[in-house]
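Colleague:
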Amino acid sequence: MGRKKKPVLRLTLFFIAVVIASGSILAYLSINNISNLKELTEKRVEEEQENLALAVSEQIKLTINDLLEKFPDYPGGKHPASVNWLKTEDTNGLVKQQFLIDREGDFLWPWFVNAYENLPGDVPSKSYQSNFEQAERAEFNEQNFSKAGQYYLASLRESSNNTDSVQALNALARLSVKSEEWTQALSYYSSIISAYGALLNSYGFPYVYYAIPQLIRISNSSNRDQIMQEIDSCLTGMASGKIPLNHSTRDMLQLVSDWIAIEPAPIEKITLINKSIQAIESSLEFIERNEEQILEYLKKDDRDDFPLVKGSYHALNSTQQDAGELLLVKLDSEYASGFSVDFEKLWHHIMEQPLTEVTEFDFELEIVLLGNGINVSELPLTTTKEISPYFMGYNLLVKLKNASVINELVRRRSWIYGIALTLLIGGMILGILLIHRDILREEHLAQLRADFISNVTHELKTPLTSIQLFTESILLNRIKSAAHKKEYLQIILKETESLKRMINNILDFSKEEKGKLNFNFKEVNVTALVNEAVQDLEYWLVEKKFALVKEIDEGVTASVDPGALKQAIINLLNNAIKFSRNRKEILVSLKKEGEMILIQVEDKGIGIPEDQKELIFQPFYRVEQKNAEEISGTGLGLSVVKDIVTAHHGKIRVESQLNEGSSFTILFKSTQENSE
């Protein structure tokens, strides 16, 4: 009885402790009551902070939507630098970078080309190819620049497409540099820059990238202005998207920066070059910062992870939180286009707009990145809200300009009272529910134990009575026939085996409860094991007139505990015999499907209610239905089966219909990992 009262007493003490603690808090609040005026003032401050934060968030949303309306759709067809796609209405400088990417993930704007090998191009004519090869032999092998120049000029005359022409011009320009013919070299490179700026060689390298280092190399006082003009033209083309960028662009920019730093030139020209360099650097940084996230967006079939802003535009946060930009991207059948918004400029733009929310108090608005050493909880009367779902990590801090408006009492009044009241009510409800649950559980367990004792007594008494009766008959020589004596002895043996199985179930359950149930796995002929289990119950099957069907595959072996598995099969067969009334048919099957072994015992008995299928494996549980009331049992058979199957890393599957019968299937692998 002491064990039954222990959990109730424990929960009762817990319940009393919660009530006392909550009552003490409420008593403290009643002594330190705060005036209603200060409560209302604090509430008003908090409401205004919330409303102001919402107004700012709504203004950001409206501004972004306005930008999206002004941003035109890319018409397709031509290169983006050659159409008016990039010209938008006034955006107050909020658009940081526009971009266009094809479905393959290549940037069309900013135009960026990765390095390739053997990039496909126009096929040169045989005469061009022949002249060009002879020119290269003369240049590199024979070091005969005059001869090489003649063949390169012949190649230029034989060129049938722009690719051949620019290749020949680049070779002639290179040869002119080697020959120190600076004027001729400058002329050739000028032609390449003006006419073939966007052309790439077979490795995806723009020809103008060969021109810039060579022009810097040959620059002198007589041609410096013209070379600076040509380099400015190249950089302008890169900044405007007419000449592609690549992984070597930054090295090229550094080379130009170093050159103009030492070359005397008009300040206006240097300013223009530096402006182009800054624009190109900005494009390169944008690609490096956002390429990975944009490509991830392109690859996904389901883009629900990205917030939908307006229409078909999704919001992508920069992978670097401190980058301070938001990507707005739209995907169609061929391209992904969009732009990035500069958060700092957006914030200043919002602060310049008149907010619709009129406040009674004066507040300060500040943008913070939580997690950067800012502890908002230490700031009095401060509200922090996510400024927009599109800018992850950015939070709006709203605080009073004059914190002395509200004193210390107002700061702590409402939340202490709310916590105390919640603890009191919640503790009372929780305590009552827990106590009620434990009482019901103890009553249920007590009833199950009582039923178990009664059932075990009955189960033991029945075979013992039979054993006693038949033994006395033999000892008193009431049975004269040797055949009858043998029959009686067989009955005694079968009843003894029945007792043994019952006791084994009880012992196994007891060991499992104590965690002392051990299994000895070894390679066993499962076919023979199933046949033995059926043979052990053959007497009862014949005695009770059961029709037994066996579908047992031959030669099935597995690593199992033979005694435990045999006991599980016998328990299932016993249940099939017990719970079959009108249709006495039992199917026993053994199959191997791949690595899995399936042992099935199916009967045509009374069946199991649907709501009790999960309960039948609990200790002491017996099916609750009218047809099962008169059937004896301990309620441990299926519990032991479940433990044995679990030890074999397997599963037991139950299929049943009322008055139609039940099917139990044991499934486990033929090999056991870490088995002992």
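For reference, each letter of the sequence shown is one residue, going 0 to 675 in numbering that gives the first Met the number 0.
We treat Cβ as the ideally placed atom computed from N, Cα and C, and that holds for glycine.
Count the other CB atoms, across all protein chains shown, that sit within 10 Å of the CB of THR270; report buried if there are 16 or more and exposed otherwise.
Modeller: For the purposes of this step, residue 270 is taken as the residue at position 271 of the sequence shown. Answer is exposed; the Cβ neighbour count stays below 16.
Colleague: What is the residue span of the beta strand (DSSP E) that ASN394 lies within?
Modeller: As a first step, residue 394 is located in the sequence shown; it is residue number 395 there, counting from the start. 393–399 is the extent of the beta strand (DSSP E) around ASN394.
Colleague: Is the beta carbon of GLU45 less than 8 angstroms from the beta carbon of THR382?
Modeller: Here residue 45 corresponds to residue number 46 of the sequence shown, with the count starting at 1. Here residue 382 corresponds to residue number 383 of the sequence shown, with the count starting at 1. Yes, the pair counts as a contact, with Cβ atoms nearer than the cut-off.
Colleague: Per DSSP, which residues does LYS549 bridge with? Please list them.
Modeller: Locating residue 549 in the sequence shown gives position 550, counting from the first residue. In DSSP, LYS549 forms a bridge with VAL587.
Colleague: Can you tell me whether GLN599 is helix, strand or coil according to DSSP?
Modeller: Looking up residue 599 in the sequence shown gives position 600. If DSSP states are grouped into helix, strand and coil, GLN599 belongs with the strands.
Colleague: Within 10 Å of its beta-carbon, does LYS177 have 16 or more other beta-carbons around it, so buried, or fewer, so exposed?
Modeller: Residue 177 sits at position 178 when you count from the first residue of the sequence shown. With fewer than 16 other Cβ atoms within 10 Å, it is exposed.
Colleague: For the structure I just gave you, are there three or more beta carbon pairs, one from the stretch 577–593 and one from the stretch 543–551, closer than 8 angstroms?
Modeller: Flag = yes, the stretch 577–593 and the stretch 543–551 touch.
Colleague: Ordered along the chain, which non-local residues of its own chain (more than five positions away) have a Cβ less than 8 angstroms from that of ILE349?
Modeller: Stepping through the sequence shown from its first residue, residue 349 is reached at position 350. For ILE349, where only same-chain residues beyond five positions count, the Cβ hits under 8 angstroms are VAL55, GLN58, ILE59, THR62.
Colleague: By the DSSP assignment, the beta strand (DSSP E) with VAL555 in it spans what residues?
Modeller: Within the sequence shown, numbered from 1, the residue matching residue 555 stands at position 556. Looking at the DSSP string, VAL555 is not in any beta strand (DSSP E), and its letter there is neither H nor E.
Colleague: What number of angstroms, rounded off, separates the C-alpha of LEU666 from the C-alpha of ILE428?
Modeller: Here residue 666 corresponds to residue number 667 of the sequence shown, with the count starting at 1. Here residue 428 corresponds to residue number 429 of the sequence shown, with the count starting at 1. Approximately 44 angstroms between the Cα atoms of the pair.
Colleague: State the CB to CB distance for the pair LEU399 and ILE386, rounded to an integer number of angstroms; the pair is presumed to be in contact (CB under 8 angstroms).
Modeller: Within the sequence shown, numbered from 1, the residue matching residue 399 stands at position 400. Within the sequence shown, numbered from 1, the residue matching residue 386 stands at position 387. Rounded, the Cβ-Cβ distance is 19 angstroms, inconsistent with contact.
Colleague: For the alpha helix (DSSP H) that contains HIS348, what are its first and last residues?
Modeller: Against the sequence shown, residue 348 aligns to sequence position 349. Residues 342–351.
Colleague: If LEU326 and GLY337 are in contact, beta carbons under 8 angstroms, what's the gap, nearest whole angstrom?
Modeller: Taking the first residue of the sequence shown as position 1, residue 326 is located at position 327. Taking the first residue of the sequence shown as position 1, residue 337 is located at position 338. Indeed they touch by this definition, with Cβ atoms about 6 angstroms apart.
Colleague: Is DSSP giving THR381 helix, strand or coil here?
Modeller: Working through the sequence shown from its first residue, we reach residue 381 at position 382. Three-state DSSP puts THR381 in a strand.
Colleague: What do you reckon, are the CB atoms on GLY323 and PHE342 nearer than 8 angstroms?
Modeller: Sequence index remark: in the sequence shown, residue 323 carries index 324 (1-based). Sequence index remark: in the sequence shown, residue 342 carries index 343 (1-based). Yes. Within cutoff.
Colleague: Using a Cβ-Cβ cut-off of 6 angstroms (strictly less than) and excluding sequence neighbours within five positions of ALA532, which residues of its own chain qualify?
Modeller: The count along the sequence shown starts at 1 and reaches residue 532 at position 533. Correct list, in chain order: LYS565, ILE568, ILE569.
Colleague: In chain order, which continuous runs of the alpha helix (DSSP H) of length 4 or greater are located wholly inside the stretch 202–260?
Modeller: The stretch 202–260 contains these whole alpha helix (DSSP H) runs: 207–217, 223–238.
Colleague: The alpha helix (DSSP H) that contains TRP539, what's its start and end?
Modeller: Counting from one through the sequence shown, the residue named residue 539 turns up at place 540. Segment 537–542, the alpha helix (DSSP H) holding TRP539.
Colleague: Helix, strand or coil for ASN130 per DSSP?
Modeller: For this step, residue 130 is matched to residue 131 along the sequence shown. Here ASN130 sits in helix by DSSP.
Colleague: Given ILE226, which residues of its chain have a CB within under 6 angstroms of its CB, disregarding the five upstream and five downstream residues?
Modeller: Residue numbering aside, residue 226 sits at position 227 when the sequence shown is read from its first letter. Within the same chain, ILE226 has close Cβ partners LEU214, SER218.
Colleague: Going by the CB atoms, is the gap between TYR206 and TYR195 shorter than 8 angstroms?
Modeller: Here residue 195 refers to the residue found at position 196 of the sequence shown. Here residue 206 refers to the residue found at position 207 of the sequence shown. For TYR195 and TYR206, yes; Cβs fall inside 8 angstroms.
Colleague: Taking DSSP as the reference, what is the three-state secondary structure of PHE285?
Modeller: The count along the sequence shown starts at 1 and reaches residue 285 at position 286. If DSSP states are grouped into helix, strand and coil, PHE285 belongs with the helices.
Colleague: Looking at ASN273 and ASN113, is the spacing between their C-beta atoms short of 8 angstroms?
Modeller: As a working note, residue 113 is residue 114 in the sequence shown. As a working note, residue 273 is residue 274 in the sequence shown. No, the Cβ-Cβ distance between ASN113 and ASN273 is not below 8 angstroms.
Colleague: Quick check on the burial criterion: 16 or more other C-beta atoms within 10 angstroms. Buried or exposed for SER164?
Modeller: In the sequence shown, residue 164 corresponds to position 165, counting from 1. SER164 is buried by the Cβ-count criterion.
Colleague: Assuming VAL94 contacts LEU53 under a Cβ cut-off of 8 angstroms, what Cβ separation, rounded to an integer in Å, is found between them?
Modeller: Reading the sequence shown from its first residue, position 95 is the one you call residue 94. Reading the sequence shown from its first residue, position 54 is the one you call residue 53. Not quite, the Cβ-Cβ distance comes to about 26 angstroms (not below 8 angstroms), so this is no contact.
Colleague: Got a sec, what are the start and stop residues for the beta strand (DSSP E) LYS329 sits in?
Modeller: Within the sequence shown, residue 329 is the residue found at index 330, counting from 1. Start and end: 324–330.
Colleague: In the DSSP assignment, the alpha helix (DSSP H) including LYS146 goes from what residue to what residue?
Modeller: By one-based count along the sequence shown, residue 146 stands at place 147. Counting along the chain, the alpha helix (DSSP H) containing LYS146 begins and ends at 144–157.
Colleague: Measuring CB atoms only, is the stretch 101–112 touching the stretch 285–292, in the sense that at least three cross pairs come out at less than 8 angstroms?
Modeller: These segments touch.
Colleague: Around the C-beta of ARG705, are 16 or more other C-beta atoms found within 10 angstroms, so that it is buried, or is it exposed?
Modeller: In the structure displayed, the chain extends from 0 to 675; residue 705 sits before or after that span and is not available.
Colleague: So LYS641 is in the alpha helix (DSSP H); what residue range does that whole segment cover?
Modeller: Locating residue 641 in the sequence shown gives position 642, where the first residue counts as 1. First-last of the alpha helix (DSSP H) with LYS641: 636–646.
Colleague: Quick one: using the 10 Å Cβ neighbour count with 16 as the cut-off for buried, is HIS313 buried or exposed?
Modeller: Here the question's residue 313 lines up with position 314 in the sequence shown. With 16 or more Cβ atoms within 10 Å of its Cβ, HIS313 is classed as buried.
Colleague: Rank PRO79, GLU229, VAL308 by C-alpha distance to the C-alpha of SER68 and give the top, closest one.
Modeller: Along the sequence shown, one-based indexing puts residue 68 at 69. Checking the sequence shown, residue 68 turns out to be Glu, not Ser. Comparing Cα-Cα distances from GLU68 to each of PRO79, GLU229, VAL308, the minimum goes to VAL308.
Colleague: Pop quiz: ALA238 and ALA278 are said to be a contact at Cβ under 8 angstroms. What is the actual Cβ separation, rounded to whole angstroms?
Modeller: Within the sequence shown, the letter at position 239 stands for residue 238. Within the sequence shown, the letter at position 279 stands for residue 278. Yes, ALA238 and ALA278 are in contact; Cβ-Cβ is about 4 angstroms, under 8 angstroms.
Colleague: Who are the Cβ neighbours of PHE144 in its own chain at under 7 angstroms, not counting the five residues just before and after it?
Modeller: Here residue 144 refers to the residue found at position 145 of the sequence shown. So the qualifying residues of the chain are GLU138, LEU174, LYS177, SER178.
Colleague: Is any heavy atom of the ligand SAM found at a distance shorter than 7 angstroms from the C-beta of ASP300?
Modeller: Of the ligands one can find in the structure shown there are none, so the ligand SAM has no counterpart to examine.
Colleague: From this set, LEU572, GLY604, LEU571, ALA563, which residue's C-alpha is nearest LYS583's C-alpha?
Modeller: Stepping through the sequence shown from its first residue, residue 583 is reached at position 584. The candidate whose alpha carbon is nearest that of LYS583 is GLY604.
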